[in-house]
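First up is the structure itself, then whatever we jot down about it.
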Amino acid sequence: MKRRLPLVSALALSLGLAILPQAQAALPFGAGSDIRSLAPVLEKVTPGVVNISVSGSKVSRQALPEAFRFFFGPGIPGEQVQERPFQALGSGVIIDAKKGYVITNNHVIEDADKIIITLIDGQEYEAELIGTDKQSDIALLKVDAKNLVEVEFADSDQLRVGDFAIAIGNPFGLGQTVTSGIISALGRSGLNVENLENFIQTDAAINSGNSGGALLNLDGKLVGINTAILGPGGGNIGIGFAIPANMVKSLADQILEYGEVRRGVLGVMGGELTSELARTFGYRSQHGAFVSQVLENSSAAKAGLQAGDIIISLDGKPIRSFGELRAKVATMGADKTVSLGLFRDGKEQKVEVTLSRADEENIQANTLNESLEGALLAQTDGEDKVQGVKITEVTPRSAAAMSGLEKGDIIIGVNRQRVKNLNDLRQIVQSKPEVLALNIQRGNSSIYLVLR
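When the letters of the sequence shown are read in order and numbered with mature numbering (1 follows the signal peptide of the UniProt record, and there is no 0), they come out as residues -25 to -1, 1 to 427.
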């Protein structure tokens, strides 16, 4: 179960939020530094960071009590549907000036009917949504405009704790704002902000409205997309989080090439490497991803990975945690061949693994929802009578077993929405409904199971 941090919040600014005053900290350069000002770098890159305003309507559904349904008769619907207009503000980064591509957070533009991008000189353009990835909170937009300025990607895997960082965004709708600080930590996960988490942590002041804005190095290159903060009421307390630039670039490339994210999967289960586990397996570090199970017929199994392996690197770059491994693999794309560094039986070794597509592999249902813990899910195939998501295994006495799920069940719908594949199921579950009403095909019967 993920450790929940209730004060972690996304940075998109609803126009109804109160403004909280916040002091900005200056970059603490050393007395002997040759750097006198960030202005020369900022003059080149600030035109590549844009303000985003969105408008639309959100549909809310509320179940109608049985007493009211009885009172009004059989014609009354089972739920009350309300449509409420909304407006919100955020930020974005131009990543391709010629083609007009802008990257931002998915939560900035989610449910928007209209997206307006404002350049630093005040020009406004309506943006087209090209594609999104909810699990990593990334969205790609396109604007038809000339003379744009793009921000160049840096290699975020080269970041070190202590490197200087510059944040640019639109906090509280004030307009473009620049703050500075350092990289405070790398590979942060378990914050329950996104499904795939491998955050850069920074103390550069970022606030509500900074979502989708740029986190830069001193060369003015993009190292991350600001996405969340830890703080009360959306105010900055020096703990902000950004999605690494390498993940962002991989996701944007996939959206442009395929029209969607073709998520890679390794096919292992595991967890964080504790000091006790490290000592048990004779490993002298706590950095790494512990493999507790290798799924049958998975990419990992075909490459020879084994339960008890400790994955310590990916393509030659250190892996700090299982969360970091999971996020990096999932955003690298299917069919990509990667090199994994392993610690096994007291020795380090390397293996080559070709990642499968997520829909082609069994996945642990608890990665979608804790109420499904103990169930293993897979896409149905031509041998199944109906199309949906099949329960291939159910662990005895697990949450899934207690809910009544059985091996061989096929989920064909959730909350009255049709489910044809794992992606459909993910999208419904990630909306975090209070109740999951699963429409199950069991043999020749169709049943409903309600999970809370």
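Heads up, the beta-carbon is just placed ideally off N, CA and C, and yes, glycines get one too.
Please state whether DSSP places Phe96 in a helix, a strand or coil.
Note on identity: in this sequence residue 96 is Asp, with Phe being the wrong assignment. Coil, per DSSP.
In the structure shown, what three-state DSSP assignment does Ala102 receive?
coil
Thinking just about the alpha-carbon of each residue, which of Gln402, Ala353, Arg238, Ile415 is nearest to the one in Asn272?
Ala353
Whole runs of the alpha helix (DSSP H) within the stretch 220 to 245, excluding any shorter than 4 residues
220 to 233
Pull up the DSSP beta-bridge partners for Gly215, would you.
Thr177, Ile204
Classify Ala282 as buried or exposed, calling it buried when 16 or more other Cβ atoms lie within 10 Å of its own Cβ.
exposed
State the DSSP-derived secondary structure class of Lys407, mapped to helix, strand or coil.
coil
Reference Phe61, options Asp88, Val77, Lys74, Gly67, closest by Cα
Asp88
Alpha-carbon to alpha-carbon, Asn192 and Gly137
11 Å
Considering just the uninterrupted stretch of the beta strand (DSSP E) at Lys325, what are its terminal residues?
322 to 329
If you draw a straight line from the C-alpha of Ser420 to the C-alpha of Gly388, how long is it?
14 Å
Glu409 versus Leu397, Leu400, Leu426, Ala276, residue with shortest Cα-Cα distance:
Leu426
Indicate the three-state DSSP secondary structure (helix, strand or coil) for Ile90 in the structure shown.
strand
Looking only at DSSP bridge pairs, what is Asp108 linked to?
Ile113
Looking at the structure shown, is Asp290 part of a helix, part of a strand, or coil, going by DSSP?
coil
According to DSSP, simplified to helix, strand and coil, what is Leu149?
coil
Cβ neighbour criterion (16 or more within 10 Å) applied to Glu299:
buried
Proximity below 8 Å, CB of Gly199 to CB of Ile212:
no
Would you list the one or two residues that DSSP bridges to Asn80?
Per DSSP, none; premise fails for Asn80.
Are there three or more Cβ pairs, one per stretch, closer than 8 Å when the stretch 233 to 251 is compared with the stretch 302 to 313?
yes
Need the endpoints of the alpha helix (DSSP H) that Gly298 sits in, please.
297 to 307
Given Gly379, which residues of its chain have a CB within under 8 Å of its CB, disregarding the five upstream and five downstream residues?
Leu424
Indicate whether Leu17 and Val126 have their beta-carbon atoms separated by less than 8 Å.
no
Identity of the residue in Val269, Asp384, Ile92 nearest residue 431 by Cα:
An answer regarding residue 431 cannot be provided, because it is not within the stretch -25 to 427 covered by the chain.
Collapsed DSSP secondary structure at Ala276 in the structure displayed
helix
Where does Val361 land, buried or exposed, given buried means 16+ other C-beta within 10 angstroms?
exposed
Nearest neighbour of Leu205, chosen from Ser314, Asp178, Lys395, Gly418 [CA to CA]
Asp178
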